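S.K.: Pasting a structure below so you can have a look.
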Amino acid sequence: MNFEGKVVVITGSSRGIGKGTAVALARKGASVVLNGRNEERLAETEKIIKAIHGKVLSVCCDVSTSEGGRFLIEEAVRVFGRIDILINNVGVSMRGNFADLNPEVVRTIFASNILGTTNPSIPAMKYLRESKGSIVFISSAAGIRGLPSLSAYCASKMALRAFAESIRIEEAGSGIHTGLVLVGYTENEKDKETIASDGSRRFIAPRSGKGVKTIESVAEGIIRNISKRKFITILSAEGKLNAFFQALLPGFVEFVILKNLKKFEERNR
Ligand SMILES: NC(=O)c1ccc[n+]([C@@H]2O[C@H](COP(=O)([O-])OP(=O)(O)OC[C@H]3O[C@@H](n4cnc5c(N)ncnc54)[C@H](OP(=O)(O)O)[C@@H]3O)[C@@H](O)[C@H]2O)c1
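Shown next as structure tokens:
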């Protein structure tokens, strides 16, 4: 697929996977609309894109609000006149067993991961119909089944699948491509945050080693999903195995998880 002249909106693209995808798409010639809540971080990422080409717009807003979602889409259309691709990448994770959760944790995760997706997506649909473009949802290997200490996160990522399935059918005749990308365990930028069971923000330690995907490889996987107009793309071997066995032998998957609870706890620390 030729991305030259395409306009791509990526929510949560001031760092991490969203930023990596923005940089990769800019290198392929796409105009990029960046988004995030922190102006400084956005400005740093904008500088990186500007070193590639000048077709970049930063929209500082919180897409978990309906005003923020609408503002992002309106700004993209005001400046570039069209939208070809919307990548719903905003997502926050949490830690803690369900019984220990401050109920506000669930609200925060759903606001960010579900409303942060639907708020920009609904106003974007008419522009995506015009361009016969792509709407892409960034989910997770944790969106295949409920996992220990990640209940609200898993629920929010499973919800994205339901939206993607509904939209894919509703838009079957409109020419819109709907993509759902299930990302696996990926390296994180410094200061990446998660939400603890009491609702406080916690930094996640840097990840490295075997089984950790690079941001660049995840970005390429997302771009492949768009280029090939695929529905579901699973980006990790672990995720592929989980999806396969969860469909056929869910009891076996539960058994494996129960046997490896310690590993889950260590990984999610
Ligand atoms: N990293 C992994 O291992 C992994 C694995 C599976 C799935 N995923 C999924 O991949 C996506 C990206 O993850 P990541 O690790 O790259 O995250 P990240 O490093 O924490 O980056 C999140 C980005 O979203 C922005 N953001 C957060 N909430 C926002 C909001 N309400 N409105 C606007 N911008 C917002 C952040 O900037 P500000 O804070 O400045 O707003 C930042 O640019 C998420 O959906 C995540 O669930 C990640």
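Letter by letter, the sequence shown follows residues 3 to 271 in my numbering.
Note that the Cβ used here is the ideal one computed from N, Cα and C, for glycine as well.
Nothing here was measured: the structure is a model prediction, and the numbers come from that model.
Give me the DSSP bridge partner(s) of residue 195.
M.R.: Looking at the DSSP assignment, residue 195 forms a beta bridge with 205.
S.K.: Note down, in chain order, each residue of its chain lying with its Cβ closer than 6 angstroms to the Cβ of residue 3, except the 5 sequence neighbours on either side.
M.R.: Closer than 6 angstroms at Cβ, skipping near neighbours: 229.
S.K.: Taking Cβ to Cβ, would you say residue 166 is nearer than 8 angstroms to residue 182?
M.R.: For residue 166 and residue 182, yes; Cβs fall inside 8 angstroms.
S.K.: Return yes when the Cβ of residue 255 is within less than 8 angstroms of the Cβ of residue 247, no when it is not.
M.R.: It is a contact, given that the beta carbons lie within the stated cut-off.
S.K.: Between residue 122 and residue 75, is the Cβ-Cβ spacing less than 8 angstroms?
M.R.: Against a cut-off of 8 angstroms, the Cβ pair of residue 75 and residue 122 comes out as a contact.
S.K.: According to the Cβ coordinates, are residue 29 and residue 12 closer than 8 angstroms?
M.R.: Not in contact: residue 29 and residue 12 (Cβ atoms no closer than 8 angstroms).
S.K.: Which value, in whole angstroms, describes the spacing of the CA atoms of residue 158 and residue 151?
M.R.: Looking at the two C-alpha atoms, the distance is approximately 14 angstroms.
S.K.: By the DSSP assignment, the beta strand (DSSP E) with residue 138 in it spans what residues?
M.R.: Note, residue 138: beta strand (DSSP E), 136-142.
S.K.: Could you say which of 36, 63, 64, 42 lies nearest to residue 51 if we only look at CA atoms?
M.R.: Residue 36 is the option with its Cα nearest to residue 51.
S.K.: Should residue 44 be labelled buried (16 or more other beta-carbon atoms within 10 Å of its own) or exposed?
M.R.: When all chains shown are included, residue 44 counts as buried.
S.K.: Figure out for me which residue from 195, 58, 163, 47 has the closest Cα to the Cα of residue 7.
M.R.: Residue 58 is the option with its Cα nearest to residue 7.
S.K.: Give the DSSP-derived three-state secondary structure of residue 37 in the structure shown.
M.R.: If DSSP states are grouped into helix, strand and coil, residue 37 belongs with the strands.
S.K.: Secondary structure at residue 182, three-state DSSP: helix, strand or coil?
M.R.: If DSSP states are grouped into helix, strand and coil, residue 182 belongs with the strands.
S.K.: Between the stretch 106-120 and the stretch 209-216, do at least 3 Cβ pairs fall closer than 8 angstroms?
M.R.: The answer is no - the stretch 209-216 does not touch the stretch 106-120, with fewer than three Cβ pairs under 8 angstroms.
S.K.: Please confirm if the stretch 124-131 is in contact with the stretch 72-90, defined as three or more CB-CB distances below 8 angstroms between the two stretches.
M.R.: Yes, since at least three Cβ pairs between the stretch 124-131 and the stretch 72-90 fall closer than 8 angstroms, the two stretches touch.
S.K.: Reducing DSSP to helix, strand and coil, say where residue 146 ends up.
M.R.: If DSSP states are grouped into helix, strand and coil, residue 146 belongs with coil.
S.K.: In whole angstroms, what separates the C-alpha of residue 90 from that of residue 169?
M.R.: Each residue's alpha carbon lies about 14 angstroms from the other.
S.K.: Nearest to residue 195 by alpha carbon, out of 97, 10, 32?
M.R.: Of the candidates 97, 10, 32, the one whose C-alpha sits nearest the C-alpha of residue 195 is 97.
S.K.: Does at least one heavy atom of ligand 1 sit under 7 angstroms from the Cβ of residue 195?
M.R.: Residue 195 Cβ: within cutoff of ligand 1.
S.K.: Tell me whether residue 191 counts as near ligand 1, meaning its Cβ is closer than 7 angstroms to at least one heavy atom of that ligand.
M.R.: Yes; taking the cut-off as 7 angstroms, the Cβ of residue 191 has a heavy atom of ligand 1 nearer than that.
S.K.: Leaving out five residues before and five after residue 226 in sequence, what residues of the same chain have Cβ atoms less than 8 angstroms from its Cβ?
M.R.: Result list for residue 226: 232, 235, in chain order.
S.K.: Let me know the beta strand (DSSP E) ranges lying completely inside the stretch 36-83, each 3 residues or longer, listed in chain order.
M.R.: Listed in chain order, the complete beta strand (DSSP E) runs (minimum 3 residues) inside the stretch 36-83 are 58-62.
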